[in-house]
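Q:
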Amino acid sequence: MVKIDTSTEVIGLIGDPVEGSLSPRLQNWAIDRLDLDYRYFAFPVKKGTVEEAIVGANSLGIKGLNVTAPHKKVAAKKMDELSGAAKSLGAVNTITFTDEGKLKGYNTDWKGFVNSLKLTGFEPRGKRCLVFGAGGAAAAVVFGLIREAPSRIVIVNRTEAKAAKLAREMEGLSPGVDLEVRPLSGTDIGKKIERSDLVVNATSVGTGSTEAETIWKTDSNFNPDQLVYDLIYNPDPTEFLKLARNAGSKTVSGLDMLILQGLESLKVWTEEEFNPGPMVDELRDHLRQQVG
Ligand code: NAP
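Read in this note's numbering, the sequence shown has 33 at position 42, and its numbers run on one by one without any break.
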């Protein structure tokens, strides 16, 4: 039986919706594995009430929070202090409350993504990358990749202006990285995919109401030398990853990024230094039971 008493630290997730989130299962598994006196809960928080939720959590002595859609950008504006990554991305997925009651915001999404690439043995330095999407998740992916000095990143988005905005925001961080922007409707996208070492779906196409869809419709541009990554983890595999597997590409699902960003958040709250790598295989199996 889990011990919970007055010394147990409370951590949790705020977002809307949070029902169905894998984070409580992920974090409480890791907490047990590391033998920590913490418990993680999911708190549904509606748009417009984020500030009250954060201030209330601070007053209650909650140790820290994860922040998920749609609150990551609003939360960043409420922090007393931001980590470098959270400042660059203008988005926070992890909050700590200091002993003095200050709010400190971090972003661990980009790190979860980069660490998951490395776990598969993919080293981004000097590689050609293509990212579908220009929303918050794509920003974290592009930010993480830039820090690893790939030779090129092509950002492909339905709304080209959003991709151009993301590229402008990242430009200053990317000396030596060739940043290109293309509309999803561009006639050269197939060729760009063929010439990429890493292809990432960071759009929301392929989950929920679009589960049967895929951002790229054919397997003919994928090849066995590529790593193809889908940030979506439900379903697992997505239609996008099925196409890539048909072509013999190596694939990674968003479950790895979810696990590794979560374990980075746990490090921030607990200040424990642990190596997340060895936990990933077991956590993947544990969480897949919930994804179904
Ligand atoms: P977001 O900010 O709303 O961005 C959505 C992106 O998807 C935009 O680029 C949008 O293009 C594109 N898109 C949506 N519907 C489309 C359609 N029908 N056709 C073409 N493009 C379409 O969302 P987000 O926060 O970036 O999240 C994106 C996905 O990543 C979600 O599925 C989320 O669950 C997943 N994610 C996973 C992790 C993880 O740890 N594995 C972490 C974060 C997010 P426009 O700009 O043209 O609208």
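Built from N, CA and C at the ideal position, the CB exists for glycine as well.
What are the partner residues of Gly239, as DSSP defines its beta bridges?
A: The sequence position of residue 239 within the sequence shown is 248, counting from 1. The partner list for Gly239 (beta bridge, DSSP) is empty, contrary to what the question assumes.
Q: Taking only heavy atoms of the ligand NAP into account, decide whether any of them is closer than 6 Å to the Cβ of Ala158.
A: One-based indexing of the sequence shown puts residue 158 at position 167. Because no heavy atom of the ligand NAP lies under 6 Å away, the Cβ of Ala158 does not count as near it: no.
Q: Glu264 by DSSP, collapsed to three states: which one?
A: Counting from 1 along the sequence shown, the entry for residue 264 is found at position 273. Coil.
Q: Using a threshold of 7 Å, state whether the C-beta atoms of Pro115 and Glu139 are closer than that.
A: Within the sequence shown, the letter at position 124 stands for residue 115. Within the sequence shown, the letter at position 148 stands for residue 139. Their beta carbons are under 7 Å apart, which means Pro115 touches Glu139 by this criterion.
Q: Per the DSSP calculation, Gly55 is bridged to which residue(s)?
A: For the purposes of this step, residue 55 is taken as the residue at position 64 of the sequence shown. According to DSSP, which records beta bridges pairwise, Gly55 is partnered with Ile2 and Thr87.
Q: For Tyr97, list the residues DSSP reports as bridge partners.
A: Taking the first residue of the sequence shown as 1, we reach residue 97 at position 106. Paired residue(s): Thr85.
Q: When you compare only the Cα positions, how much space is there between Leu274 and Ile250?
A: Here residue 274 refers to the residue found at position 283 of the sequence shown. Here residue 250 refers to the residue found at position 259 of the sequence shown. Distance between the alpha carbons of Leu274 and Ile250 is about 7 Å.
Q: Let me know if Leu51 comes out buried or exposed under the rule of 16 or more other beta-carbons within 10 Å of its beta-carbon.
A: Residue 51 sits at position 60 when you count from the first residue of the sequence shown. Exposed is the call here.
Q: How about Arg16: is its Cβ closer than 6 Å to a heavy atom in the ligand NAP?
A: As a position in the sequence shown, residue 16 is number 25, starting the count at 1. The answer is no for Arg16.
Q: What does the alpha-carbon distance come out to for the pair Ser176 and Thr150?
A: Counting from 1 along the sequence shown, the entry for residue 176 is found at position 185. Counting from 1 along the sequence shown, the entry for residue 150 is found at position 159. When rounded, the separation of the alpha-carbon atoms in Ser176 and Thr150 is 10 Å.
Q: Kindly indicate which residue of Val243, Ala203 and Val122 has the alpha-carbon position closest to the one of Ala193.
A: As a position in the sequence shown, residue 193 is number 202, starting the count at 1. The option with the nearest alpha carbon to Ala193 is Val122.
Q: Closest to Asp276 by CA distance: which of Thr(-1), Gly3, Trp20 and Ala48 is it?
A: One-based indexing of the sequence shown puts residue 276 at position 285. Asp276 has its Cα closest to that of Trp20, out of Thr(-1), Gly3, Trp20 and Ala48.
Q: By Cβ distance, which residues of its chain are closer than 7 Å to Arg186, with the 5 residues on each side in sequence left out?
A: Within the sequence shown, residue 186 is the residue found at index 195, counting from 1. If we look at Arg186 and ignore the five residues flanking it on each side, its Cβ neighbours are Arg119.
Q: According to DSSP, what are the bridge partners of Glu273?
A: If you number the sequence shown from 1, residue 273 lands on position 282. Glu273 is bridged by DSSP to nothing; it lacks a bridge partner.
Q: Per DSSP, what kind of secondary structure is Pro174 in: helix, strand or coil?
A: Position 183 of the sequence shown, counting from 1, holds the residue named residue 174. Reduced to three states, the DSSP call for Pro174 is strand.
Q: Could you tell me whether any non-hydrogen atom of the ligand NAP is closer than 6 Å to the CB of Gly6?
A: Against the sequence shown, residue 6 aligns to sequence position 15. False, no ligand heavy atom lies under 6 Å from that Cβ.
Q: Per the DSSP calculation, Ser244 is bridged to which residue(s)?
A: Here the question's residue 244 lines up with position 253 in the sequence shown. Answer by DSSP bridge pairing, in chain order: Asp221.
Q: Please list the terminal residues of the continuous beta strand (DSSP E) segment that includes Arg159.
A: Here residue 159 refers to the residue found at position 168 when the sequence shown is read from its first residue. Note, Arg159: premise wrong, no beta strand (DSSP E); alpha helix (DSSP H) at Glu151 to Glu162.
Q: Expressed to the nearest angstrom, what Euclidean distance is found between the alpha-carbon atoms of Leu13 and Leu4?
A: The residue you call residue 13 lines up with position 22 of the sequence shown. The residue you call residue 4 lines up with position 13 of the sequence shown. Cα to Cα, Leu13 sits roughly 10 Å from Leu4.
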